[in-house]
Ligand code: IP8
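Residue numbers (this note's numbering): 23 to 279.
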């Protein structure tokens with residue numbers, strides 16, 4: 023079974039404090055990935071950029087590309103921050119016995135008008151086949167029209183969900199998809215073709231600084247994928263266990279088709 027799991031920026035970092043990782047959450051998630059890797063699950067780990075990149079990317083206006091030569095330096099520094107966070111994740115996975123190899127989208131993805139036109143993942147998939155666990159993340163990338171743009175980890179998850187994954191798991195800081203973001207918000211456990219339109223209308227953007235669209239951006243493509251997608255609270259690793267074991271628990275399952 024191939025599982026693409028996204029470790030959301032809101033759980034692996036403190037999203038409103040620049041460059042602040044959450045070591046306990048990172049360790050717990052990487053331990054869980056280690057446990058199931060040893061049981062034979064083939065993981066592709068995707069992580070968000072959290073407070074490492076969202077804050078400076080917004081400050082420099084990188085979502086709409088770079089317009090000055092100074093922008094090149096901003097682009098490079100945001101990429102470097104993404105790499106820094108990726109190294110933290112990769113090292114944690116390695117500590118848990120996972121042969122994690124980091125792939126940075128700036129070096130294998132190109133976009134046009136903020137949408138991927140080429141995701142050259144041949145080598146990544148070769149590593150997966152060899153038994154490694156590829157790690158990739160939201161990043162800045164070259165863009166045909168805008169010179170540069172941003173790819174969210176969600177864009178990469180969509181790609182793996184269209185190509186080869188059997189399950190997509192998004193671990194964030196919420197229990198799943200909620201009917202509203204206020205206290206009255208109730209968990210929507212199942213999303214199918216039947217109830218999707220109504221569900222989409224209910225969903226508003228993330229409350230945090232997020233240059234790639236938050237929750238509404240996330241669910242848009244889920245019903246076009248080849249496999250189910252699960253939204254789960256990553257602060258409760260047991261719930262991710264339930265997903266991997268095929269058991270019911272607190273999470274939202276999207277079933278396309
Ligand atoms: O946190 C965003 O990736 P995400 C990447 O997965 C940058 O949305 C550079 C802000």
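All C-beta atoms in this analysis are idealised placements derived from N, C-alpha and C, irrespective of residue type, glycine included.
Treat the numbers as computed from the prediction; the structure is a model and nothing was measured.
Taking the CB atoms as reference points, tell me whether residue 272 and residue 261 lie closer together than 8 Å.
-> Translated into positions along the chain shown, residue 272 becomes position 250. Translated into positions along the chain shown, residue 261 becomes position 239. It is a contact, given that the beta carbons lie within the stated cut-off.
Is residue 31 near residue 101, with beta carbons less than 8 Å apart?
-> For the purposes of this step, residue 31 is taken as the residue at position 9 of the chain shown. For the purposes of this step, residue 101 is taken as the residue at position 79 of the chain shown. Against a cut-off of 8 Å, the Cβ pair of residue 101 and residue 31 comes out as no contact.
Alpha helix (DSSP H) runs wholly inside the segment 99-174, at least 4 long, in chain order = 144-151
Name the DSSP bridge partner or partners of residue 217?
-> Counting from one through the chain shown, the residue named residue 217 turns up at place 195. Answer is none; residue 217 lacks a bridge partner.
For residue 143, is the beta carbon positioned less than 7 Å from some heavy atom of the ligand IP8?
-> Residue numbering aside, residue 143 sits at position 121 when the chain shown is read from its first letter. No, the ligand IP8 has no heavy atom inside 7 Å of this Cβ.
Only counting runs of 4 or more residues, tell me where the alpha helix (DSSP H) segments fall wholly within the segment 36-93, in order along the chain.
-> 45-60, 72-81
If you drop the 5 nearest sequence neighbours on each side, which residues of the same chain put their C-beta closer than 8 Å to that of residue 211?
-> Working through the chain shown from its first residue, we reach residue 211 at position 189. The answer, listed in chain order, is 198, 273, 274, 275.
So, are the CB atoms of residue 122 and residue 109 less than 8 Å apart?
-> Locating residue 122 in the chain shown gives position 100, where the first residue counts as 1. Locating residue 109 in the chain shown gives position 87, where the first residue counts as 1. Not closer than 8 Å, so no.
Please find out if some non-hydrogen atom of the ligand IP8 comes closer than 7 Å to the beta-carbon of residue 100.
-> On the chain shown, position 78 is the one that residue 100 refers to. True, at least one ligand heavy atom lies under 7 Å from that Cβ.
What residues in its chain sit with their C-beta under 6 Å from that of residue 29, if we drop five residues either side in the sequence?
-> As a first step, residue 29 must be located in the chain shown, where it is residue number 7. Result list for residue 29: 51, 69, 193, in chain order.
Compare the beta carbon distance of residue 18 and residue 139 with 8 Å and say whether it is the shorter of the two.
-> Residue 18 falls outside the range modelled here, since the chain spans only 23 to 279, and no answer is possible.
From residue 206 to residue 27, what does the alpha carbon distance come to, in whole angstroms?
-> Translated into positions along the chain shown, residue 206 becomes position 184. Translated into positions along the chain shown, residue 27 becomes position 5. Rounded to whole angstroms, residue 206 to residue 27 spans 28 Å at the Cα level.
Verify the contact flag: residue 118, CB atom, against every heavy atom of the ligand IP8, threshold strictly below 7 Å.
-> For the purposes of this step, residue 118 is taken as residue 96 along the chain shown, with counting starting at 1. Not under cutoff, so the answer is no.
Starting from residue 191, follow its DSSP beta bridges and name the residues at the other end.
-> Residue numbering aside, residue 191 sits at position 169 when the chain shown is read from its first letter. Paired residue(s): 27, 252.
With 16 other Cβ atoms within 10 Å as the buried cut-off, status of residue 180 = Indexing the chain shown from 1 puts residue 180 at position 158. Under this definition residue 180 is a buried residue.
Alpha carbon to alpha carbon, how far is residue 171 from residue 132? Give it in angstroms, no decimals.
-> Here the question's residue 132 lines up with position 110 in the chain shown. Here the question's residue 171 lines up with position 149 in the chain shown. Approximately 9 Å, taken between the alpha carbons.
Terminal residues of the beta strand (DSSP E) in which residue 275 lies | Mapped onto the chain shown, residue 275 falls at position 253. Start and end: 274-276.
Roughly how many angstroms lie between the CA atoms of residue 240 and residue 220, to the nearest whole one?
-> For this step, residue 240 is matched to residue 218 along the chain shown. For this step, residue 220 is matched to residue 198 along the chain shown. Whole-angstrom Cα-Cα distance: 16 Å.
Sequence-distant residues of the same chain with beta carbon closer than 7 Å to residue 150, five excluded per side = Taking the first residue of the chain shown as 1, we reach residue 150 at position 128. So the qualifying residues of the chain are 64, 66, 156.
Whole-Å CB distance - residue 25 paired with residue 184, under 8 Å assumed | Counting from one through the chain shown, the residue named residue 25 turns up at place 3. Counting from one through the chain shown, the residue named residue 184 turns up at place 162. Actually they are not in contact, since the Cβ atoms of residue 25 and residue 184 sit about 15 Å apart, beyond 8 Å.
Rank 80, 130, 106 by C-alpha distance to the C-alpha of residue 178 and give the top, closest one.
-> The sequence position of residue 178 within the chain shown is 156, counting from 1. Of the candidates 80, 130, 106, the one whose C-alpha sits nearest the C-alpha of residue 178 is 130.
Measure the alpha-carbon distance for residue 87 versus residue 160 and round it to whole angstroms.
-> Residue mapping note: residue 87 aligns to position 65 of the chain shown, counting from 1. Residue mapping note: residue 160 aligns to position 138 of the chain shown, counting from 1. Going by the C-alpha atoms only, they are around 15 Å apart.
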